[in-house]
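Comments concern the structure below.
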Amino acid sequence: MDVELPWGPGTASGVGSLPYTDPMEATRVVLGELPDLPHLPELPTRGPGADMVGRSCALLVGLGVDLQPAGWRLTAAPGRDQRRARSTLGQDLDALEELTQGYTGPLKVQVAGPWTLAASVELPRGGRVLGDHGARRDLAQSLAEGLTEHLADVRRRVPGASLVLQVDEPSLPAVLSGAIPTPSGFSRYRSVDNPEAEALVREVVSAADAQGAIPIVHCCGSEVPFELLVRGGARGLSFDMARVRDADVEALAAAVEQGVTLFVGAVPAVPGPEDASTKPSREGPRGPSDLEVTRAVLRFWRTLGFPEETAARGCVVTPSCGLAGAEPAWTRTVLTLVRKVAAHLDDRPDSATAPDDERS
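If you count by UniProt numbering, then the sequence shown holds residues 1 to 360, one letter each, in order.
Listed below in structure tokens is the structure:
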């Protein structure tokens, strides 16, 4: 797979969500900490419609949704909550447009994938869209059409950007294994076979391709179906490095050989016990050192069978997952770490990114 990538070697990026409520503040943080591959922040603490599923519902074309006690539900016409979600997205895009005047380079936006959306949204009479073959196909088509409009809008607002679309599919492993519970909780929805799962992923990925955006797929769980995602058209795979199983190594190595970039989630999205017990610096909790994380990424890359010197081109360094559940101080720590680690992979001797244990 020969794809011209809009980012260079030694790049870091975020996953999507951040623990802020002000889109201007969040966008400034992203642009400052992740200048090589910034992203449109998701701010779920702002309320319904600002989270991953709500933002994706805002993009739907020809399908109305509203927020019920059990979650988002399809309706005959757009409801108040869908209109509010669209307004919230518009505010986020306004902040992005204002703060990226004159920007040129890659820019990532995120959307919930068709299977995560189908597992999250209810039918008008109850039960998840996942349980209705026709409804889940209609939902994927509506999402793809909405994405076409959304990407065109982002391109208009940030004309110098080379767009990257991240499709978030945290529910896909559970969909494939038949682990999504029904509303009663006493049974599970039937598992979806791989060809159908691949087809709906491709439906959404094709919308990115049609707009000239690089499509990547993110899943920070375990048992990620990497081969299915590559067959579905993903040109990048985003995952939590700590959850990669021995059984995944062959699939990831094959993906790299096809030109797929690995978005390696190398820094925990929330601090572990060892980080919580460490005396924080003035900038916030220290977390692992950038040198430790760099070594872990290089070990992982070698496990896939590739020489260390190619890691900077084959990997984009990210947090392990979204940062909505983190404290702002930890968020800064994580974003600084991924940027430093990416620079180390590219062996850039920059004083701002010198390994922690080499600084006085």
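Ideal placement from N, C-alpha and C gives every residue a C-beta, glycine not left out.
For residue i, which option in the options has the closest C-alpha, if you only look at C-alpha atoms?
| i | options | result |
| --- | --- | --- |
| S187 | V65, G325, R128 | R128 |
| P195 | L96, E122, D347, L228 | L228 |
| S171 | Q68, S184, V192 | V192 |
| P328 | P35, L43, P6 | L43 |
| A311 | A343, W330, L117 | A343 |
| Y103 | G131, Q68, R156 | R156 |
| R73 | K340, R136, D246 | R136 |
| G64 | V260, T11, P124, S120 | P124 |
| residue 384 | P173, R190, K340 | Because the chain in this structure spans residues 1 to 360, residue 384 falls outside the shown range and cannot be described. |
| E198 | A119, F226, G8 | F226 |
| Q211 | E149, S142, Q82 | E149 |
| W330 | P19, G8, D248, L304 | P19 |
| L298 | S289, P288, G287, C315 | C315 |
| F263 | G287, I214, V154, S289 | I214 |
| S177 | E169, Y189, P183 | Y189 |
| D36 | P9, S56, T45, G47 | P9 |
| V293 | V249, G185, G305, V341 | V341 |
| Q68 | D240, A326, G126 | G126 |
| E97 | P288, P41, W301 | P41 |
| A179 | D138, A161, P159, W115 | W115 |
| A326 | F306, G287, A85 | G287 |
For the beta strand (DSSP E) holding residue i, just list the boundary residues, first then last.
| i | result |
| --- | --- |
| C57 | Note, C57: premise wrong, no beta strand (DSSP E); alpha helix (DSSP H) at 52 to 59. |
| R73 | 71 to 75 |
| S162 | 161 to 168 |
Give the range of the alpha helix (DSSP H) segment to which residue i is assigned.
| i | result |
| --- | --- |
| W115 | 114 to 120 |
| D94 | 80 to 99 |
| Q258 | Per DSSP, Q258 belongs to no alpha helix (DSSP H) and is neither H nor E. |
| F239 | First-last for F239: 236 to 240, but that is the beta strand (DSSP E), not the alpha helix (DSSP H). |
| D138 | 133 to 157 |
| V204 | 194 to 210 |
| G32 | 23 to 33 |
Under a Cβ-count criterion, where at least 16 other Cβ atoms within 10 Å of its own Cβ denotes burial, should residue i be classed as buried or exposed?
| i | result |
| --- | --- |
| H133 | exposed |
| K279 | Any reading at K279 needs caution, since the residue's pLDDT is 47, under 50, leaving its predicted position unreliable; the model's value is listed next. Burial call: exposed. |
| G16 | buried |
| S238 | buried |
| S281 | Note that S281 has pLDDT 47, beneath the 50 cutoff, so the model's placement of it is unreliable and the number below is only indicative. With fewer than 16 Cβ atoms within 10 Å of its Cβ, S281 is classed as exposed. |
| P106 | buried |
| S87 | exposed |
| Q82 | buried |
| residue 385 | Because the chain spans 1 through 360 in this model, residue 385 falls outside it and cannot be assessed. |
| R339 | buried |
| D347 | exposed |
| R120 | The sequence as given places Ser at residue 120; Arg does not occur at that position. Buried, because 16 or more other Cβ atoms sit within 10 Å of the Cβ of S120. |
| S13 | buried |
| R359 | Per-residue confidence for R359 stands at a pLDDT of 35, beneath the threshold of 50, marking its modelled position as unreliable; the derived number appears in the next sentence. That one is exposed. |
| T11 | buried |
| E122 | buried |
| residue 365 | Nothing in the structure corresponds to residue 365, since the chain is present only between 1 and 360. |
| A58 | buried |
| D290 | buried |
| L34 | buried |
| E309 | exposed |
| G259 | exposed |
| W7 | buried |
| A152 | exposed |
| P183 | exposed |
| G32 | exposed |
| A85 | buried |
| P181 | exposed |
| A161 | buried |
If residue i and residue j are in contact, beta carbons under 8 Å, what's the gap, nearest whole angstrom?
| i | j | result |
| --- | --- | --- |
| P271 | S320 | Actually they are not in contact, since the Cβ atoms of P271 and S320 sit about 12 Å apart, beyond 8 Å. |
| V317 | A242 | V317 to A242, Cβ: 14 Å. No contact. |
| G146 | V61 | 5 Å |
| V175 | L130 | 7 Å |
| V334 | L323 | 6 Å |
| T261 | L5 | 7 Å |
| L304 | V249 | 6 Å |
| A247 | A207 | Not confirmed; about 31 Å, so no contact. |
| E169 | V217 | 6 Å |
| D209 | G233 | 7 Å |
Review point. Any contact of the region 103 to 120 with the region 40 to 52, i.e. 3+ C-beta pairs under 8 Å?
Key: yes
Check your understanding: Would the region 70 to 85 and the region 154 to 172 be scored as touching if the rule is three or more Cβ pairs under 8 Å?
Key -> no
Review point. Looking at C-beta atoms only, is the number of pairs between the region 16 to 28 and the region 90 to 99 that lie closer than 8 Å three or more?
Key: yes
Review point. Quick check: the region 202 to 214 against the region 248 to 257, are there 3 or more CB pairs under 8 Å?
Key: no
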